[in-house]
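Participant:
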Amino acid sequence: MSTRNYLIILCIVMGVLSVAGQAEATETYAIIKSKSLRQIDEVITGFQNSFPEANPAILDLEGNADSRKVKQFIELHQPDVIICLGLLAAKTTIRVEQERPIIFSMVINYKRYPELRQENVTGISMEIPPMSLFTQFRLISPQIHSIGVPYHPEVSSEIVEEAQAHASQMGIQLIKIAINDPNTLTAKLKKQQKRIDGLWMLADTKLYNRNTTAIQDLIRFSQQTQKPILAFSEAFLKPGAFFSISIDYHSLGSQLALVAKRIGQDHVQPAQISIAPPIGTYTVINRNVAQQLYENQLDESIFDDVDKIFPEDLSDHK
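At position 170 of the sequence shown (counting the first as 1) the number is 170 in my numbering, and the numbers step up by one without a gap.
1. Roughly how far, in whole angstroms, is the beta-carbon of glycine 198 from the beta-carbon of phenylalanine 236, given that I think they are within contact range, below 8 angstroms?
2. Whose C-beta lies closer than 7 angstroms to the C-beta of leucine 202 among residues of the same chain, with five residues either side of it excluded?
3. Going straight from the alpha carbon of proline 182 to that of proline 153, what length do you get?
4. What ranges does the alpha helix (DSSP H) occupy inside the segment 66 to 132, keeping only unbroken runs of at least 4 residues that lie completely in it?
5. Between the alpha carbons of methionine 126 and threonine 26, how many angstroms are there, rounded?
6. With asparagine 288 as the anchor, note down where its beta strand (DSSP E) starts and where it stops.
7. Measuring CA to CA, which of Arg210, Leu256, Leu116 and Ser246 is closest to threonine 45?
8. Exposed or buried, arginine 262, counting other C-beta atoms within 10 Å across all chains shown (16 or more means buried)?
9. Going by other Cβ atoms of all chains shown within 10 Å of its Cβ, with 16 needed for buried, is glycine 171 buried or exposed?
10. Check whether the Cβ atoms of glycine 63 and lysine 35 lie closer than 7 angstroms to each other.
11. Measure the CB-CB distance between serine 105 and glycine 123 and report whether it falls below 7 angstroms.
12. In whole angstroms, what is the alpha-carbon distance linking aspartate 266 and tyrosine 282?
13. Using a Cβ-Cβ cut-off of 7 angstroms (strictly less than) and excluding sequence neighbours within five positions of threonine 212, which residues of its own chain qualify?
14. Given glutamate 162, which residues of its chain have a CB within under 6 angstroms of its CB, disregarding the five upstream and five downstream residues?
15. In chain order, which continuous runs of the alpha helix (DSSP H) of length 4 or greater are located wholly inside the segment 196 to 232?
16. Spatial neighbours of glutamate 99 within its chain, please: C-beta separation below 8 angstroms, excluding the five flanking residues on both sides.
17. Relative to the alpha-carbon of leucine 230, which residue among Ser141, Gln272, Ser168 and Gln118 has its alpha-carbon at the smallest distance?
18. Helix, strand or coil for leucine 258 per DSSP?
19. With DSSP as the reference, please indicate the residues paired to glutamine 173 in a beta bridge.
20. What three-state label does DSSP hand leucine 252 in the structure shown?
21. Which residue comes first and which comes last in the alpha helix (DSSP H) that contains leucine 189?
22. Among the candidates Leu37, Thr28 and Ala214, whose CA atom is the shortest distance from the CA of tyrosine 249?
23. Under the assumption that serine 67 contacts valine 107 (Cβ atoms under 8 angstroms), give the Cβ distance between them as a whole number of angstroms.
24. Give me the residue from Lys308, Val289, Pro278 and Asn296 with the minimum Cα distance to tyrosine 110.
25. Report the option in Ile40, Tyr29 and Phe47 whose CA atom is closest to the CA atom of serine 254.
26. Once DSSP output is grouped into helix, strand and coil, what is the label at valine 306?
27. Is it the case that the Cβ atoms of alanine 57 and histidine 77 are separated by a distance below 7 angstroms?
28. Measure the C-alpha to C-alpha separation of isoleucine 40 and arginine 112 and round it to an integer number of angstroms.
29. What residues match up with lysine 33 in a beta bridge as DSSP calls it?
30. Taking buried to mean at least 16 other C-beta atoms within 10 Å of its own C-beta, is isoleucine 187 buried or exposed?
31. Alanine 260 and phenylalanine 51 look like a contact to me (Cβ under 8 angstroms); what is the Cβ gap, rounded to whole Å?
32. With leucine 139 and aspartate 305 assumed to form a contact (beta carbons below 8 angstroms), what rounded beta-carbon distance in angstroms separates them?
33. Helix, strand or coil for alanine 241 per DSSP?
34. Would you identify the three-state DSSP class for valine 284, choosing helix, strand or coil?
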């Protein structure tokens, strides 16, 4: 074999080995989720679709704060970046890992949890920016100038305070209705009835849960007083909410992928990445409630400004 041919073959072999070495050195990713939920699975799908080469190892904690399980999972996979979906996953992981970069999401009102401020932690919040919420609400209901927001002070004070400042900038008066006892919701709403044009239903777990009638009371008040409800989830349109603005979970997964790439590939430290709000939203309007609220004054064009109309028109599927 000539020297020239030998050098050519050697260069090819070294090139192949170099590529193989790079493949082995590629950063690794892991996802730890609190439990299996449709929304969390949508986030994971969005992440994988946007970042297929990440091929993350996935751990489902199944609702258990199992620190030992998390520690073993991390030791086994040695991830360069860990994505935690849900508060339980985030708190459990942070408890056992103070060095590796952690990105959290699917945590409501993250500001309540000081452990999420560690140097190795960043994330995507669950709170859609208030200006985005109120802009879309007014687009659908231009007559909205004041919004009542029932909330439990222990859960949602930070969210409401921030939202009030943004609402003021938009010329909207946000009426805070602090409720420590969910049984007093109706009485407190009635006291503010003349001051509010609409209602904002927060994801407040102390106010709205299976042990209270607050959801039913809020919707009943809305129906009796013709005050439209802006809800945080499409699920509340069926019982009678007017409009919902929720996170687009697939887009949230894509957003997490971008942050993961910045940390894993660009080697940006989590402390240098600000916790950001979710970018994508999904809007749904309740056609029946809209017709009840506005009757002959209903502007049908509002149905063109949303992602989905509830209930769906069965004639569209014929």
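Glycine is no exception: its CB is placed at the ideal position from the N, C-alpha and C atoms. On a predicted model such as this, the values are computed, not experimentally measured, just so you know.
Facilitator: If we stick to the structure as given:
1. So it is not a contact: roughly 14 angstroms between Cβ atoms.
2. Excluding its 5 nearest sequence neighbours in each direction, leucine 202 has C-beta neighbours in its own chain below 7 angstroms: Val149, Tyr151, Ser156, Ile159 and Phe232, listed in chain order.
3. Taking the straight line joining both Cα atoms gives about 12 angstroms.
4. At a cut-off of 4 residues, the continuous stretches assigned as alpha helix (DSSP H) that sit fully inside the segment 66 to 132 are 67 to 77 and 87 to 96.
5. Their backbone Cα atoms lie some 30 angstroms apart in a straight line.
6. Here asparagine 288 belongs to no beta strand (DSSP E); instead the alpha helix (DSSP H) covers 287 to 294.
7. Nearest of Arg210, Leu256, Leu116 and Ser246 to threonine 45, Cα basis: Leu256.
8. Buried: at least 16 other Cβ atoms inside 10 Å.
9. Glycine 171 should be labelled exposed.
10. A contact, by the Cβ cut-off of 7 angstroms.
11. Yes. Within cutoff.
12. Each residue's Cα considered, the two are about 31 angstroms apart.
13. Only Pro182 meet the Cβ criterion.
14. Hits under 6 angstroms: none found.
15. Within the segment 196 to 232, the runs of alpha helix (DSSP H) at least 4 residues long that lie entirely inside it are, in chain order, 214 to 225.
16. Cβ within range, chain order: Asn120.
17. Answer by Cα proximity: Ser141.
18. Helix.
19. Per DSSP, Ser146.
20. Looking at leucine 252 - three-state DSSP - the assignment turns out to be helix.
21. It spans 185 to 191 - the alpha helix (DSSP H) in which leucine 189 sits, taken as one unbroken run.
22. Distances from the CA of tyrosine 249 to each of Leu37, Thr28 and Ala214 were compared; the closest alpha carbon is that of Leu37.
23. Not quite, the Cβ-Cβ distance comes to about 18 angstroms (not below 8 angstroms), so this is no contact.
24. Residue Pro278 is the option with its Cα nearest to tyrosine 110.
25. Looking at the Cα atoms, Phe47 is the closest of the given residues.
26. Valine 306: coil per DSSP, three-state reduction.
27. Yes, the pair counts as a contact, with Cβ atoms nearer than the cut-off.
28. Cα to Cα, isoleucine 40 sits roughly 21 angstroms from arginine 112.
29. In DSSP, lysine 33 forms a bridge with Asp60 and Leu85.
30. Residue 187 is actually alanine in this sequence, not isoleucine. It is exposed - the Cβ of alanine 187 has fewer than 16 other Cβ atoms within 10 Å.
31. Distance from alanine 260 to phenylalanine 51 at the Cβ level is roughly 7 angstroms; contact confirmed, criterion being Cβ atoms closer than 8 angstroms.
32. Yes, they are in contact, since the Cβ atoms of leucine 139 and aspartate 305 sit about 6 angstroms apart, within 8 angstroms.
33. Three-state result, alanine 241: coil.
34. Looking at valine 284 - three-state DSSP - the assignment turns out to be strand.
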